[in-house]
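Trainee: Protein sequence lines, in the order shown, are assigned to chains L and H. Using this note's numbering, read the first sequence as starting at 502 and increasing by one per residue. Using this note's numbering, read the second sequence as starting at 346 and increasing by one per residue. Note that the Cβ used here is the ideal one computed from N, Cα and C, for glycine as well. Owing to the predicted nature of the structure, the values given are computational and were not obtained by experimental measurement. Before anything else, here's the structure in question.
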Amino acid sequence: MAIDWRNYKPLLIPGIPNLHKIEVFEKNGGYEQLKKTLKSLTPEAVVNEVKAANIRGRGGAGFNAGLKWSFMPKPDGGPRYIAANGDESEPGTFKDRKIFEYNPHLFIEGAIIAGFAMHITAVYVYIRGEYKSWIDMMQKAIDDAYAKGYLGKNILGSGFDLDMYVHSGAGAYICGEESSLMESLEGKRGYPRVKPPFPAQKGLWGRPTTINNIETLANVPLVIKNGADWYKSIGAPTHPGPVLYGISGHVNRPGVYEYPTGMSIMELINDVCGGMRGGKKVKAVIPGGSSTPPLRGDQLEGVCMDADSLRTAGSMMGTAGMIVMDEDTDMVDALWRISHFYHHESCGQCTPCRDGTGFLEKTLIKIRDGEGEMRDLDLLLDLCTQMEGRTICALADAAAWPVRYTVTRFREDFEKRVKNTVFALA
Amino acid sequence: MEMTYEFSKEDLAEIEKIKAKYPDKKSPVMPVLWLAQEKFGHVEPEVQQLVARTLDLPAAHVYGVVSFYTQYYGKKMGKYVLDVCTTTSCQLCGGYEILHYIEDKLGIKAGETTKDGLFSIQSVECLGACGYAPMMQITNGVYCNHLTKEKVDTIIDGLRAGRMPEFESIPMPQHLDESTNKIG
């Protein structure tokens, strides 16, 4: 499918100078959708429109945001929460910080509309602690929104009350997992919770809660403004809308780009990012953050950045944080570093993950250092089978997938290494 | 000589504001630890006990939180903590070369602090600046992007003179001027 990306005008982060200032945002139509929502729409109408738009969660899982909202139970008069997920810790992902920096009010407006739709009493914006500079920007934007009456009691005279707070993480990848994020907000170690109960039934402080990614919520005002049909006409039909692609690695112009979903991976590399550094060939692409299975350079023909195309190709959309590796990349070394990450970040609750991530890393160090044997490759794949789907949260799967697919798709690199071991020389 | 740690009247007023954001008494522990670390430079056990007393929580709970999150300094660190990212995108773009250069330059390894107490080095996991690799963060604050050996020299010389590098705003490439950038 061809996307007319050259004529695309960014919607989430338009290139308007000083858009992060509330006055500039208002001058460019900001908070108009909130006004429209409060004046003329019912909560059910908002949920239905967002559901129809099929905004697929931009944090990695790709679940229909409106459908998620519809899981919230009927209000019982008690508090209800949104936890906005800006933990952004998946290696390769650096997009939400662009929203905090360049268009924070679009996110705030989307979160307030979501709050109205689900009868929410408070929104907690969870941002990774390392993003101190961006946390300050977000706090400033929220303070300005309070001062203008978009947050707080009786918003714009509608009778709807909503508070919004920023909560800073403190360095833990696992807190991007929704139940771990809630534990962290409650002042605890970030241990993921067993589901059910799901957050909509029993979330923050035991109350109904919806967790949405920052970018997901930033899409909401666009849907309210132009309608679900318009939104669905952007990008890939089954995975529509604008998306922030974070592209890093061996390309000439890495960075965050906003284009419709469904962009061809090769077009992103060659045309958007100005090709590979030094004119080298593509060896591997990790499409959506380090947990998504890598694709070989020769698997990329015709593959597009949307859920269906990537599933057919044998990977996933994830966070659209694409890592590009050139022909000189040592896949054994690259995979070891990814495994080191998951070993470091495993919370330690579940044995298959706590020990499995360690075994994976140790085995990869052994192969990397020239002490590996052929049977270690089978051991790696066996370990993956012992980890996948056997833990409370998906971190074990996130650790296993890159191992499984790097070892199988780049097997010759691994075989070459184990055939040239120190043992073979002895 | 033993040092005693106390919150000032202003700190306690700030802590009351933090507490008002959450519905229970356990939840404010992370922001209050941040406040304590900002003030004391670390959250060693004595500071953890101060936080526990202030929030009326078991010290063991506070210790549990401190030891779970990597950004809380459970022991004293150098005045400037250089967190060098070495995860995948940074690894691909020379993150380890930068780390080793800083180690050689300061004469310490990652995880250590210089004798004068000025610098600590840590090799850290992905900091979310993948497109601007290699990079590092200074003492949980400013991000330094697109590092080269020369840039590292300038930053470290500056820190020795008490100059913290400034925040770098990195616009999206498609918003750059069309005369220099055809895309967007």
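What residues from the stretch 375 to 388 of chain H come within 8 Å of chain L, judged by C-beta to C-beta, listed N to C?
Mentor: Answer set for the stretch 375 to 388 of chain H: Met375, Pro376, Leu378 and Trp379.
Trainee: According to DSSP, is Gly587/L part of a helix, a strand, or is it coil?
Mentor: Correct three-state label for Gly587/L: strand.
Trainee: Mind checking whether Gly939/L and Ala673/L have CB atoms under 7 Å apart?
Mentor: Residue 939/L is absent from the model: chain L starts at 502 and stops at 927.
Trainee: Check whether the stretch 628 to 647 of chain L touches the stretch 600 to 614 of chain L, counting contact only when three or more Cβ pairs, one atom from each stretch, lie closer than 8 Å.
Mentor: Judged by Cβ distances under 8 Å, the stretch 628 to 647 of chain L makes contact with the stretch 600 to 614 of chain L, as three or more pairs qualify.
Trainee: Assign Phe842/L to one of two classes, buried (16 or more other C-beta atoms within 10 Å of its C-beta) or exposed (fewer than that).
Mentor: Buried: at least 16 other Cβ atoms inside 10 Å.
Trainee: I'd like to confirm the pairing. Which residues does DSSP put opposite Met481/H in its beta bridges?
Mentor: Looking at the DSSP assignment, Met481/H forms a beta bridge with Val429/H and Cys489/H.
Trainee: Are any of the Cβ atoms in chain H nearer than 7 Å to that of Glu610/L?
Mentor: No, because no Cβ of chain H sits closer than 7 Å to the Cβ of Glu610/L.
Trainee: Pick out the complete alpha helix (DSSP H) segments inside the stretch 677 to 705 of chain L, 4 residues or longer, and give them in chain order.
Mentor: Within the stretch 677 to 705 of chain L, the complete alpha helix (DSSP H) runs of at least 4 residues are 679 to 686.
Trainee: Helix, strand or coil for Gly653/L per DSSP?
Mentor: Of the three classes helix, strand and coil, the one that applies to Gly653/L here is strand, per DSSP.
Trainee: Are the C-beta of Lys371/H and some C-beta of chain L separated by less than 7 Å?
Mentor: Yes, Lys371/H counts as interfacial toward chain L.
Trainee: Could you check the C-alpha separation between Gly859/L and Trp837/L for me, to the nearest Å?
Mentor: Their backbone Cα atoms lie some 11 Å apart in a straight line.
Trainee: For Leu705/L, I'd like the list of residues in its chain whose CB is within less than 8 Å of its CB, leaving aside the five on either flank, ordered along the chain.
Mentor: Hits under 8 Å: Tyr582, Ala584, Tyr625, Met683, Leu686 and Glu687.
Trainee: Excluding five sequence neighbours on each side, which residues of the same chain lie with their C-beta closer than 8 Å to the C-beta of Met509/H?
Mentor: The answer, listed in chain order, is Ile483, Gly486, Val487 and Gly503.
Trainee: Do you know offhand how far Ile443/H's Cα is from Ala554/L's?
Mentor: Approximately 45 Å between the Cα atoms of the pair.
Trainee: With H, G and I counted as helix, E and B as strand and the rest as coil, what does DSSP make of Lys537/L?
Mentor: It is helical.
Trainee: Ile501/H lies in the alpha helix (DSSP H); which residues open and close that run?
Mentor: It spans Lys494 to Arg505 - the alpha helix (DSSP H) in which Ile501/H sits, taken as one unbroken run.
Trainee: Go ahead and label Thr543/L buried or exposed: buried means 16 or more other beta carbons lie within 10 angstroms of its beta carbon, across all protein chains shown.
Mentor: Thr543/L is exposed by the Cβ-count criterion.
Trainee: Starting from Cys894/L, follow its DSSP beta bridges and name the residues at the other end.
Mentor: Cys894/L is not bridged to any residue.
Trainee: Which ranges does the alpha helix (DSSP H) cover as unbroken runs of at least 4 residues, wholly within the stretch 854 to 900 of chain L, from first to last along the chain?
Mentor: For the stretch 854 to 900 of chain L, whole alpha helix (DSSP H) runs of length 4 or above, ordered along the chain, are 875 to 888.
Trainee: Kindly identify the DSSP beta-bridge partner or partners of Thr711/L.
Mentor: In DSSP, Thr711/L forms a bridge with Ile583/L.
Trainee: Could you check whether Ile839/L and Gly593/L sit closer than 7 Å to each other, using their CB atoms as the reference points?
Mentor: In this structure, Ile839/L does not lie closer than 7 Å to Gly593/L by Cβ.
Trainee: Report yes if the C-beta distance between Gly789/L and Met818/L is below 7 Å; otherwise report no.
Mentor: Taking 7 Å as the Cβ cut-off, Gly789/L and Met818/L qualify as a contacting pair.
Trainee: Could you check how far apart the C-beta atoms of Met375/H and Ser590/L are, in whole angstroms? I think they sit under 8 Å.
Mentor: About 16 Å separates the two Cβ atoms, so there is no contact after all.
Trainee: Kindly give me the distance between the Cβ atoms of Lys596/L and Gly822/L, rounded to whole angstroms, as I take these residues to be in contact under 8 Å.
Mentor: Contact flag correct, Cβ pair sits at about 7 Å.
Trainee: Using only alpha-carbon positions, find the residue among Lys364/H, Glu470/H, Ser434/H and Phe413/H that is nearest to Lys689/L.
Mentor: Ranking Lys364/H, Glu470/H, Ser434/H and Phe413/H by Cα distance to Lys689/L puts Phe413/H first.
Trainee: Using the rule of at least 16 other Cβ atoms within 10 Å of the residue's Cβ for burial, across every protein chain shown, is Asp522/H buried or exposed?
Mentor: So Asp522/H ends up on the exposed side.
Trainee: Cβ of Lys527/H less than 7 Å from any chain L Cβ?
Mentor: Below a pLDDT of 50, predicted positions are generally treated as unreliable, and Lys527/H, at 40, falls in that range; the measurement from the model is reported next regardless. Not closer than 7 Å to any Cβ of chain L, the Cβ of Lys527/H fails to qualify, so no.
Trainee: Considering Cα atoms alone, identify which of Pro761/L, Glu913/L, Gly779/L and Asn753/L is closest to Leu770/L.
Mentor: A small fix is needed here, since residue 770/L is Ile in this sequence, not Leu. Here the closest residue by C-alpha is Asn753/L.
Trainee: Relative to the C-alpha of Gly456/H, which candidate in Lys421/H, Ser434/H and Cys489/H has its C-alpha closest?
Mentor: Considering only alpha carbons, the answer is Lys421/H.
Trainee: Enumerate in chain order the residues of its own chain whose CB-to-CB distance from Gly529/H is below 6 Å, with the five nearest sequence positions on each side excluded.
Mentor: Annotation note: pLDDT 38 at Gly529/H (below 50); position unreliable, coordinate value reported separately. Closer than 6 Å at the Cβ level, and outside the excluded window around Gly529/H, lie Gln519.
Trainee: Return the residues of the stretch 667 to 700 of chain L that lie within a Cβ-Cβ distance of less than 8 Å from chain H, sorted by chain order.
Mentor: Under the 8 Å Cβ criterion, the stretch 667 to 700 of chain L contributes His668, Ser669, Gly670, Ala671, Gly672, Ala673, Tyr674, Ser685, Leu686, Glu687, Gly688, Lys689, Arg690 and Gly691.
Trainee: So if DSSP puts Arg557/L in a beta bridge, which residue, or which two residues, is it bridged to?
Mentor: DSSP, once it has assigned bridges, lists Asn565/L as partnering Arg557/L.
Trainee: Thr907/L: buried (16+ other C-beta within 10 angstroms of its C-beta) or exposed?
Mentor: Result: buried.
Trainee: Within its chain, find whatever has a CB closer than 8 Å to the CB of Gly653/L; leave out the 5 residues flanking it on each side and keep chain order.
Mentor: Excluding positions up to five away in sequence, the list reads Tyr647, Asp662, Leu663 and Asp664.
Trainee: Return helix, strand or coil for Arg797/L, following the three-state DSSP convention.
Mentor: In the structure shown, Arg797/L sits in a strand (DSSP, three-state: E or B).
Trainee: Between Gly530/L and Met888/L, what straight-line distance do the alpha-carbon atoms span, to the nearest angstrom?
Mentor: Going by the C-alpha atoms only, they are around 49 Å apart.
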